[in-house]
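Residue numbers (the numbering used here): 16 to 678.
Quick notes on the structure that follows.
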DNA sequence: GCCTACTCACTTCC
DNA sequence: CGGAAGTGAGTAGG
């Protein structure tokens, strides 16, 4: 803010509408001197048309908050001296490997200013490594948004993995979400830094997020904790704040009966805060911005915080599009203090997002309320969760006959190529325990985070299997624990049957394995030919376009970066036919911009190791979004000229990156 | 440019 | 499972 105007005036009061302010009492917080007068705003709703807000509340009051005894520390001393972090107790009995990983880069230490600066500069270089230009940092698009989110979660997963393994040095084991966000922000791996009113390029209505930092790095909502984000506009000489986005939380009693309406409470007032005395909210900061936005009728982005049913202590954020503030008033909160209320109404002709969640809620309590329901469980109980079959586009009743089976069937006993009998752990396997043969095969890592999220793509993931002695609750059995989401098989408008989920899916989640009969004619060529003819075949020997999913190692100062290849490395080619028998995976369609990828997984059964194909989510997937993976390109058909080579299908994925055909 | 206050986080521990 | 407490990060404003 410029300091040149009116030296004696309080800066933010320059925008006051004085005609309004003169005849009202200020709204105050913790007011020992000016108790709320009886003429002050009363509780209850104001009649519409009456301007309920009183622009007041400037910095002149703020001294009431400051504690004169609170002194700033002498220069040169910082309050944020990193404390040594004790080893987590559950790790201590394990002989852990010496830490091969160093502290995170980024601005975690404030003790050395210059060092931080250098670190920032070198991190800035990295944004080009990741592929973000300065222009893209300012204004994004779908591709950049996806790239930034991918990098965020990859880094967060890796930090989580290191924390699980107890491999961090000083004090950075907690809050991988904040740390990852901080590193990315420092490195310039972010987008839409230009604050704006209205839509954010590259962020689509319905997109879901699992951390507030994700909203920050894509520029949807720049406050890491604050619920109201605003920008300051210049209107002549006046500056005024406008709200650009809000985050609503179910904890805040924000609900309305209509899915397109949101009743939002203003910020501060210690509403619902522990250990604090509730007090009146003031018309400043975010509240003032909302009030200004209500007068100017500008669009406000709404992000709804939802309870994550899979993990009740966590939250999921749903971008629900643009709203306008239709009404605002003052209420008395539970403790008798003043609370600002805003009624936001969703703008018409936007694709549905939050309302989809509400529909799913209904279907979950009563699946017959799902329109177009044909079968309540296509798996006939083979899965622990029912798999509904739905068609609300035409009259086709059933996908072609097949038997539901959840895993692989081998046509004949497999020759004993290599005999092995799994690990001998007498408890759940732990990362870093090189006595565990499974962990050792994974280069000392547990490939999954504690909640079963795949950390990195690997050439091959070694899971513990039925032959392993470790506890069945070992974290290294993710692909064997069955479906974790409420999937539905549905009829698409133009690509036959497809698969989607009623539940939100976070990046790296296990979707399903590719079940079916293993084709083994003893001859690679014959297997390939069968695979070509079989619409429901999965063939590891296709050419799969490479893509990056793992974190950028340079963003972490890892001495020996566990920079494993993202290329597949399969012991021997595998062809699986799901024509006669299979599971939900046989319904996944192809896309050139998929949201699911496959990962070879191997584990031991009956003293032999078997290869399986496991699918994981590539990114966060909102409910009711079709699940797709890249079918790859057949060797025999590659490098053909124009047109669609025989044996391939015209691609209808609609992606901007579409190759035109697949198979 | 540094510092501090403010905030509808998130995890872990009990 | 529910609540409490601790440890946090970006941004605005001084």
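Beta carbons: idealized from backbone N, C-alpha and C, even for Gly.
Just so it is clear, the structure is predicted and the values come from calculations on it, not from any experiment.
Start-to-end residues for the beta strand (DSSP E) that takes in residue i
i: residue 192; result: Run containing residue 192: none in the beta strand (DSSP E); it sits in the alpha helix (DSSP H), 191-202.
i: residue 335; result: 330-347
i: residue 253; result: 253-264
i: residue 248; result: 243-250
i: residue 353; result: 353-361
Assigned exposure category for residue i - 16 Cβ within 10 Å defines buried
i: residue 670; result: exposed
i: residue 606; result: buried
i: residue 458; result: exposed
i: residue 407; result: exposed
i: residue 265; result: exposed
i: residue 478; result: buried
i: residue 555; result: buried
i: residue 500; result: buried
i: residue 309; result: buried
i: residue 562; result: exposed
i: residue 201; result: buried
i: residue 403; result: buried
i: residue 85; result: At residue 85 the pLDDT is 33, less than 50, meaning the model places this residue with poor confidence; the figure from the coordinates comes in the next sentence. With fewer than 16 other Cβ atoms within 10 Å, it is exposed.
i: residue 425; result: exposed
i: residue 449; result: exposed
i: residue 508; result: exposed
i: residue 603; result: buried
i: residue 668; result: buried
i: residue 380; result: exposed
i: residue 643; result: buried
i: residue 273; result: exposed
i: residue 319; result: buried
i: residue 343; result: buried
i: residue 345; result: buried
Terminal residues of the alpha helix (DSSP H) in which residue i lies
i: residue 637; result: Unbroken run through residue 637: none, as it is neither H nor E.
i: residue 274; result: No alpha helix (DSSP H) contains residue 274, which DSSP labels as neither H nor E.
i: residue 515; result: Counting along the chain, residue 515 falls outside any alpha helix (DSSP H), though it belongs to the beta strand (DSSP E) covering 512-516.
i: residue 182; result: Looking at the DSSP string, residue 182 is not in any alpha helix (DSSP H), and its letter there is neither H nor E.
i: residue 310; result: 301-311
i: residue 453; result: 452-456
i: residue 153; result: 149-153
Residue j beta carbon less than 8 Å from that of residue i
i: residue 244; j: residue 260; result: yes
i: residue 218; j: residue 567; result: no
i: residue 224; j: residue 196; result: no
i: residue 173; j: residue 571; result: yes
i: residue 206; j: residue 146; result: no
i: residue 600; j: residue 630; result: yes
i: residue 441; j: residue 595; result: no
i: residue 337; j: residue 316; result: yes
i: residue 333; j: residue 517; result: no
i: residue 525; j: residue 480; result: no
i: residue 340; j: residue 358; result: yes
i: residue 389; j: residue 529; result: no
i: residue 443; j: residue 483; result: no
i: residue 423; j: residue 614; result: no
i: residue 463; j: residue 504; result: no
i: residue 585; j: residue 366; result: no
i: residue 437; j: residue 619; result: yes
i: residue 565; j: residue 180; result: no
i: residue 557; j: residue 617; result: no
Bridge-paired residues (DSSP) for residue i
i: residue 321; result: 331
i: residue 626; result: 617
i: residue 527; result: 630
i: residue 664; result: 677
i: residue 648; result: 558
i: residue 315; result: 338
i: residue 643; result: 604
i: residue 520; result: 636
Let me know the alpha helix (DSSP H) ranges lying completely inside the region 205-236, each 4 residues or longer, listed in chain order. Complete alpha helix (DSSP H) runs here, min 4: 227-232.
For the region 533-615, list the beta strand (DSSP E) runs that are entirely contained and at least 3 residues long, ordered along the chain. With a minimum length of 3 residues, the continuous beta strand (DSSP E) runs that stay inside the region 533-615 are 552-554, 571-573, 590-592.
Could you pull out every unbroken beta strand (DSSP E) segment of at least 3 residues lying fully inside the region 459-507, listed in chain order?
-> The qualifying runs are 502-506.
Beta strand (DSSP E) segments (min. 3 residues) lying fully within the region 368-437: Under the rule that a run must span 3 or more residues, the beta strand (DSSP E) segments found entirely inside the region 368-437 read 388-390.
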